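Peer 1:
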Amino acid sequence: MNFDSPVHVCFDETSSMYVDTSGIEMIDYNDTTSCMTGVIKFLQNVGENTMIEIVIEKEVSGQFEVMATHLICDLCEELHPESNYYKYLQYFGFPDNCPFESGEYSIFDFVINTDDLPVNSANAARYQVIINFYKNPDCSSKDDMTFLFCLKMDFIIEPM
């Protein structure tokens with residue numbers, strides 16, 4: 003499994019006013035694996051009540067189909083070592099508390115952890131992950147969500 007692109011901003015005006023991913027690149031981690039490294043720049047603060055929606059899509063016959071979605075109710079509540087997401091967030095150099103201020107955050111050789119994904123021949127394909135960020139003071143109600151920005155990345159699971 004490998005990244006097919008670094009994280010990039012979705013193609014909407016709102017996202018490009020919130021975050022800049024032009025400082026992120028893909029490099030070889032070893033002979034078979036690539037990693038993401040560089041700097042992500044937040045142009046605005048990311049604060050409490052920031053909900054994240056992760057959408058994983060698989061390419062099937064030239065079209066992307068939703069395979070899974072996942073919500074993280076409040077990003078700020080996940081910035082501690084006991085969180086299930088902390089091992090991923092630490093690659094992005096985020097502080098351990100919120101809000102985190104606008105500015106640059108270093109990405110430290112982020113490699114996809116295959117232990118967390120079902121990597122086998124049946125899942126061989128191109129995938130895209132869309133990460134939507136929302137302001138949501140009441141996580142239980144989708145009516146109160148305000149779109150902040152969107153990030154996207156692509157990866158490939160190759161046949162074994």
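Using this note's numbering, the first residue of the sequence shown is number 3, and each one after it goes up by one.
Think of the CB as a built atom: it goes at the ideal place given N, C-alpha and C, for glycine as much as any other residue.
Everything numeric in this text was worked out from a predicted model, so none of it was measured.
1. Per DSSP, L91 forms a beta bridge with which residues?
2. From H72 to I132, what does the alpha carbon distance come to, in whole angstroms?
3. Figure out for me which residue from L150, D156, P161 and F157 has the closest Cα to the Cα of T16.
4. Which one of V11, D145, C12 and G40 has the shortest CA to CA distance from G25?
5. Taking the Cβ atom as the reference point for each residue, do K154 and C12 lie within a distance shorter than 7 Å?
6. Within the same chain, show all residues whose beta-carbon is closer than 7 Å to that of N51, passing over the 5 residues directly before and after it, in chain order.
7. Please list, in chain order, all residues of the same chain as E67 whose beta carbon is under 7 Å from its beta carbon, the five residues on each side excluded.
8. Distance, Cα to Cα, I74 vs P101?
9. Roughly how many whole angstroms lie between the Cα atoms of D98 and D146?
10. Should M19 be labelled buried (16 or more other beta-carbon atoms within 10 Å of its own) or exposed?
11. Taking only beta-carbon atoms, is M147 less than 7 Å away from chain C?
12. Express the C-alpha separation of N32 and E1 in angstroms, rounding to a whole number.
13. Please name the residue in G49, V48, S123 and I109 whose C-alpha comes closest to that of T23.
14. Within this structure, are the beta carbons of S36 and N86 separated by less than 7 Å?
Peer 2: With the given structure in hand:
1. Within the sequence shown, residue 91 is the residue found at index 89, counting from 1. In DSSP, L91 forms no bridge with anything.
2. As a first step, residue 72 must be located in the sequence shown, where it is residue number 70. As a first step, residue 132 must be located in the sequence shown, where it is residue number 130. When the Cα atoms are used, H72 and I132 turn out to be separated by approximately 11 Å.
3. What you label residue 16 is simply residue 14 of the sequence shown in a count that begins at 1. Ranking the options by Cα distance to T16, first place goes to L150.
4. Numbered from 1 along the sequence shown, position 23 holds the residue referred to as residue 25. Taking only the C-alpha atoms, the option nearest G25 is G40.
5. Residue mapping note: residue 154 aligns to position 152 of the sequence shown, counting from 1. Residue mapping note: residue 12 aligns to position 10 of the sequence shown, counting from 1. Going by C-beta atoms, K154 is nearer than 7 Å to C12.
6. By 1-based counting over the sequence shown, the position of residue 51 is 49. Cβ neighbours of N51 beyond the five flanking positions: D76, K137, N138 and P139.
7. Locating residue 67 in the sequence shown gives position 65, counting from the first residue. Excluding residues within five positions, the ones whose Cβ falls inside 7 Å are E59 and K60.
8. Taking the sequence shown and counting its residues from 1, the one referred to as residue 74 is at position 72. Taking the sequence shown and counting its residues from 1, the one referred to as residue 101 is at position 99. Taking the straight line from one Cα to the other gives about 16 Å.
9. Position 96 of the sequence shown, counted from the first residue, corresponds to residue 98. Position 144 of the sequence shown, counted from the first residue, corresponds to residue 146. Going from the Cα of D98 to the Cα of D146 covers about 26 Å.
10. The residue you call residue 19 lines up with position 17 of the sequence shown. In this structure M19 is exposed. Its beta-carbon is surrounded by fewer than 16 other beta-carbon atoms within 10 angstroms.
11. The structure shown contains no chain C; it is built from a single protein chain.
12. For the chain, the structure presents residues 3 to 162; residue 1 sits outside this window and is missing.
13. On the sequence shown, residue 23 is found 21 positions in, with the first residue counted as 1. Nearest option by C-alpha distance: I109.
14. Taking the first residue of the sequence shown as 1, we reach residue 36 at position 34. Taking the first residue of the sequence shown as 1, we reach residue 86 at position 84. It is not a contact, given that the beta carbons lie outside the stated cut-off.
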